[in-house]
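Chains as they are written, first to last, in the UniProt record's numbering: chain A, 1 to 221; chain B, 1 to 221. Before any comments, here is the structure.
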């Protein structure tokens, strides 16, 4: 009985990793759609999001069923609640990729990103992709060290996010209001995506070590 | 023993209602700070947010302690998990009020909102306040009918949000890029605030009826 239960816990973890795979693919395609004004990619991201949502619902149902049936305690209970939280974060990350794809679609056939910001947005997309890939590895491997790395990626995302604003608010900006509105929001979507990836990794770190990442950081100082 | 447990559940509900009170006050002050360029109010919102965060941590600790100690099942367990989710939503709503306050502070002594958008942003602030007030009442009273009302408020918020964009993208817009960047983000913060209020109400509806609001809607059609 107990073993079947732990198999079901593993199944949850597999589903979470599958969510990270789908979200990574959505983010990769959304970033490209945004930069290259690729309508087909944008539509793919938008329609694929239902798979992410479906996995979240699956995970929720499994968690409630396991709770009702097994009445888990202590660390098992915590693992279930953490799975709920992580699936919520991953579902949001899927939504944020969809928001980027919709921006690309709205501006098609133009690109929402002016040439001088291409490199910055490209890098934001790459960091976002790297972070969700790492979050997936952290869930699968429970690698605390990798989990702690996401903070540095998040700092880098914040720096690039500030660079977007500096560029829009510089006297050299010559693209007017509409691209500025799109880029303000797109920047925010990337930044929130990174925040959610950090949350996922933090949840794993807490689950494995019983410590919040900031406390581990303090010990390591 | 069982009674003491239910008293602790009530205590959780009181803390959630207290969170809604603090968040409502933060939103009211943040909206005013934004419209009137009131630096003192903005600073108040920013420094008061730690109380909201503290309550979230309190609720989390109580939930985990109750889970460990009482091993609740079925509806009691669901009530605890829902409390965790609601406190997460309310904490985010506090953050969004802080983001609005920081926008006000950054643009001080100017107002971040040009005169022709004052009425729209004022109304967005009022709807946000009304929604968090209703969410608090719904938690306290478990009033399902009121819980279902928040969807209509959310639709109204979305309409006002679109009005902001229409105004910024109209040929009549004469404020340039910087206010447009601020307003794009502020609009997003109001809209997300409303989404979180809807989530809180939905969680209560689900807890009371065992049904998701969209299914109740279908039955009522």
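Positions of the beta carbon are idealized from the N, C-alpha and C atoms, including for glycine.
If you check each beta-carbon in the segment 167-190 of chain A against every beta-carbon of chain B, the ones closer than 8 Å belong to 168, 169, 173, 176, 177, 178, 180, 181, 184, 185, 188. In the displayed model, residue 213 of chain A falls within a helix according to three-state DSSP. At least 8 Å separates the CB of residue 193 of chain A from every CB of chain B. Among the residues facing chain A, residue 71 of chain B is included, as its CB has a counterpart in that chain under 8 Å away. Residue 129 of chain A sits close to residue 27 of chain A, with the two beta carbons spaced by under 8 Å. Here residue 14 of chain A is exposed: its Cβ has fewer than 16 other Cβ atoms, across all protein chains shown, within 10 Å. At a C-beta separation below 7 Å, residue 77 of chain B has these neighbours in chain A: 67. For the segment 113-154 of chain B, the continuous alpha helix (DSSP H) assignments of 4+ residues that do not extend past its boundaries occur at 115-141, in sequence order.
The C-beta of residue 216 of chain A comes no closer than 8 Å to any C-beta of chain B. In the structure shown, residue 176 of chain A adopts coil according to DSSP, grouped into three states. Rounded to whole angstroms, the separation of the alpha carbons of residue 172 of chain A and residue 150 of chain B is 44 Å. DSSP places residue 38 of chain A in the coil class of the three-state scheme, outside both helix and strand. In the displayed model, residue 73 of chain A falls within coil according to three-state DSSP, outside both helix and strand.
At a cut-off of 8 Å, the C-beta of residue 74 of chain B has a neighbouring C-beta in chain A. Listed along the chain, the chain A residues whose CB falls inside 7 Å of the CB of residue 139 of chain B amount to none; the nearest CB is some 19 Å away. Look at residue 127 of chain B: its C-beta is not under 8 Å from any C-beta on chain A.
Of the residues A:68, A:153, A:213, A:135, the one whose Cα lies closest to the Cα of residue 86 of chain A is A:135.
Per DSSP, reduced to three states, the secondary structure at residue 8 of chain B is helical. In terms of Cα proximity to residue 34 of chain B, the closest of B:52, B:120, B:82, B:56 is B:120. Judged by pairs of C-beta atoms under 8 Å, the segment 162-170 of chain A does not touch the segment 164-171 of chain B, as fewer than three such pairs exist. If you draw a straight line from the Cα of residue 109 of chain B to the Cα of residue 95 of chain B, it is about 23 Å long. In the structure shown, the three-state DSSP call for residue 196 of chain B is helix. Its chain contains no residue whose beta carbon lies nearer than 7 Å to that of residue 178 of chain A once the 5 sequence neighbours on both sides are disregarded.
Contacts with chain A at 8 Å (Cβ-Cβ) do not include residue 59 of chain B.
With its beta carbon less than 8 Å from one in chain A, residue 81 of chain B belongs to the interface. A straight line joining the alpha-carbon of residue 66 of chain B with that of residue 72 of chain B spans about 8 Å. With respect to the C-alpha of residue 48 of chain B, the residue from B:29, B:163, B:174, B:142 having the closest C-alpha is B:29. Counting of Cβ neighbours within 10 angstroms places residue 141 of chain A among the exposed residues, the total staying below 16.
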